[in-house]
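The working numbering applies: residue 3 is where the sequence shown begins, and numbers increase by one. Just so it is clear, CB atoms sit at the ideal spot from N, CA and C, and this is done for glycine as well.
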Amino acid sequence: MLQRVHDGKTRTILVAGGAGFVGSHLCDALLLRGDRVICVDSFLTGSRTNVRPLENHPRFRLIEEDVCRLSDIDEPVHQIYNLACAASPPFYQADPVHTMMTCVTGTGNLLALAERQKASFLLASTSEVYGDPEEHPQREDYRGNVSCTGPRACYDEGKRAAEALCFDMLRAGRADTRVVRIFNTYGPRMQPNDGRIISNLLVQALSGDPLTIYGSGEQTRSFCFVTDLVEGLTALMDVDPNPGVPVNLGNPGEFTINELATMIRAIVPSSSKIVYRPLPQDDPLRRRPDIARAQDLLGWEPKVPLSQGLQKTVDYFASILAPPDLCAAPVREKSRSGLTDTLQLGA
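(1) Between the Cα of Gly25 and those of Asn244, Ile215, Tyr188, Arg288, spot the shortest distance and give me the residue it belongs to.
(2) Run through DSSP, which three-state label would Ser127 get?
(3) If you follow the beta strand (DSSP E) that Ala207 is part of, which residue opens it and which one closes it?
(4) Exposed or buried, what is Glu2 when buried is set at 16 or more other beta-carbons lying within 10 Å of its beta-carbon?
(5) Let me know if Gln2 comes out buried or exposed under the rule of 16 or more other beta-carbons within 10 Å of its beta-carbon.
(6) Going by alpha carbons, who is nearest to Ser153 out of Pro139, Gln140, Val99, Asn260?
(7) Using three-state DSSP, classify Gly160 as helix, strand or coil.
(8) Going by DSSP, what residue range makes up the beta strand (DSSP E) through Asp178?
(9) In whole angstroms, what separates the C-alpha of Phe319 from that of Asn250?
(10) Closest by CA to Asp230, which one among Ile184, Gly146, Val316?
(11) Residues in the same chain with beta-carbon distance under 8 Å from His138, minus the five sequence neighbours each way, listed in chain order, please.
(12) Hey, could you find the ends of the alpha helix (DSSP H) Gln310 is sitting in?
(13) Among the candidates Asp242, Glu233, Pro248, Gln310, whose CA atom is the shortest distance from the CA of Leu262?
(14) Whole-angstrom Cβ separation of Glu67 and Val42, contact assumed at under 8 Å?
(15) Look up Ser272 in the DSSP assignment and say whether it is helix, strand or coil.
(16) So Ile259 and Pro212 are in contact, right, with Cβ under 8 Å, and what is the actual spacing, rounded?
(17) How big is the Cα-Cα spacing for Thr12 and Cys29?
(18) Let me confirm a value: Glu77 is counted as buried when at least 16 other C-beta atoms fall within 10 Å, else exposed. Which label applies?
(19) So for Ile266, helix, strand or coil by DSSP?
(20) May I have the straight-line CA-CA distance separating Glu233 from Lys161, to the nearest angstrom?
(21) What are the boundary residues of the beta strand (DSSP E) that includes Asn253?
(22) Can you tell me where the alpha helix (DSSP H) holding Asn52 begins and where it ends?
(23) Are the Cβ atoms of Ile200 and Phe225 separated by less than 8 Å?
(24) Give me the DSSP bridge partner(s) of Pro291.
(25) Leaving out five residues before and five after Leu85 in sequence, what residues of the same chain have Cβ atoms less than 8 Å from its Cβ?
(26) Cβ of Arg286 within 8 Å of Cβ of Asp158?
(27) Which whole-angstrom value describes the C-beta separation of Val69 and Thr104, a residue pair presumed to lie in contact below a C-beta threshold of 8 Å?
This is the structure:
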């Protein structure tokens with residue numbers, strides 16, 4: 003197994019997309035271990051609520067900026083995590099051109115910063131680079147089955163292009179780049195309207211609405227709890243030497259969507275019925291990571307079982323969906339582009 007770098011010194015780490023679901027958990031973990039964190043976020047899909055507890059932290063700095071128009075950072079940076087892209091279909095399809103440019107131009111800008119600063123760089127890529135896979139489970143050497151012209155191409159092909167940029171910079175000796183392919187991740191701070199299957203079903207169950215399943219419900223997914231993912235991200239960033247290959251991070255447990263709905267109905271007592279709707283175009287039928295590379299290189303594997311993670315996520319959604327007289331007043335946050343209007347509850 004490769005060794006992780008721990009020199010005992012306080013490092014300054016930039017997290018692009020640090021106010022998002024995964025990014026905010028990463029910021030928390032980095033601060034907890036003693037690093038200084040610069041969070042860059044445009045708040046297109048990220049939420050101020052996620053980072054509000056950090057605003058007065060002496061080692062936290064927030065910059066509101068789009069990575070497609072990234073200004074230079076006026077202090078030394080040792081590591082850069084690029085999580086700056088909408089990751090759920092309703093959000094990334096709302097402005098597909100911006101999604102593609104975030105993946106390509108935004109990644110290019112952050113790579114240029116990494117080159118200038120001699121900072122290590124980690125790209126949060128996605129299992130969507132495998133498309134609707136013909137190989138199962140998906141290994142990193144599988145080249146995928148992606149539609150380059152479909153409605154998901156802005157994200158799928160955008161991430162594939164971002165990976166290419168990273169490995170070109172690595173081969174040229176211009177930046178120390180690492181690439182992680184993230185499989186379905188869930189947990190507290192997911193947005194209730196992000197269109198992902200876990201948030202959809204949990205919100206519907208808690209609201210007493212019918213549970214909506216697209217397709218037959220026999221398509222499969224694997225679900226990784228967010229704290230497990232964050233441990234994998236930091237392990238890949240810190241490992242030495244650079245593996246020089248993409249690494250899958252996800253939970254290899256495989257569940258049908260029907261099984262997931264049954265688990266949620268057991269956790270959230272509800273009379274909600276299940277309704278079926280047509281499967282969206284290019285939606286993959288099977289998804290499961292092969293994590294042998296992460297196990298070998300990083301000594302990493304997920305620890306949180308789905309039943310435990312779902313309970314934590316239910317508790318979170320129950321708290322933010324509580325009646326107004328039981329929680330803080332709602333705050334309406336609208337993105338500068340006007341594409342997303344998300345209800346966030348006050349901290």
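In short:
(1) Tyr188
(2) strand
(3) Careful: Ala207 lies outside any beta strand (DSSP E), inside the alpha helix (DSSP H) at 199-209.
(4) With the chain represented from 3 up to 349, any question about residue 2 goes unanswered, as that position is not in the structure.
(5) Residue 2 is absent from the model: the chain starts at 3 and stops at 349.
(6) The identity of residue 153 in the sequence shown is Pro, whereas the question assumes Ser. When each option's Cα is compared against that of Pro153, the closest is Val99.
(7) helix
(8) 178-184
(9) 28 Å
(10) Ile184
(11) Arg288, Arg290
(12) 308-322
(13) Gln310
(14) 6 Å
(15) coil
(16) Contact flag wrong, Cβ pair sits at about 14 Å.
(17) 14 Å
(18) exposed
(19) helix
(20) 22 Å
(21) First-last for Asn253: undefined, no H or E at that position.
(22) 50-53
(23) yes
(24) Gln140
(25) Val17, Ala18, Gly19, Gly20, Gly22, Val24, Gly25, Leu28, Ala126
(26) For clarity, residue 286 is Pro in the given sequence; the question names Arg instead. In this structure, Asp158 does not lie closer than 8 Å to Pro286 by Cβ.
(27) 6 Å
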